[in-house]
Amino acid sequence: MSVQVSHTGLVVVFYFAKSVELTGVKQEDVAAVPTPISSQDLWNLLLQRHPRYEDHVVLAVRQQYVAIGDQVVTLGDGDEVAVVPPLSGG
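At position 77 of the sequence shown the residue is numbered 842 (the numbering used here), and the sequence of numbers has no breaks.
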């Protein structure tokens, strides 16, 4: 049984803290994201857009944290993805 892959219209990506500095944007629309997509592939897609960003991050999809790896994410038109740098203790 194969998984049918489609593409979203637009996904809104929000960047926070240091990710704003590295990407130069606070928010952007990303068109035609394949779905379903693994969280690792989603992160790789964002890295293609902003190659300076190589630090570990946390992704949130629809305000739910998603571990970067094999977790499969199904995105819909207008869904929100957040790129959050890890918090450092001090």
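All C-beta atoms in this analysis are idealised placements derived from N, C-alpha and C, irrespective of residue type, glycine included.
Closest in alpha carbon position to W808, among D794, V823 and A796, is V823. Taking a C-beta distance under 8 Å as the contact criterion, D835 and Q813 do not qualify as a contact pair. Sequence-distant Cβ neighbours of T839 in its own chain, meaning closer than 6 Å and more than five residues away, are T800 and P801. For the 8 Å CB-CB criterion, V849 and A832 do not form a contact.
Per DSSP, the unbroken beta strand (DSSP E) holding D794 starts and ends at Q792 to A796.
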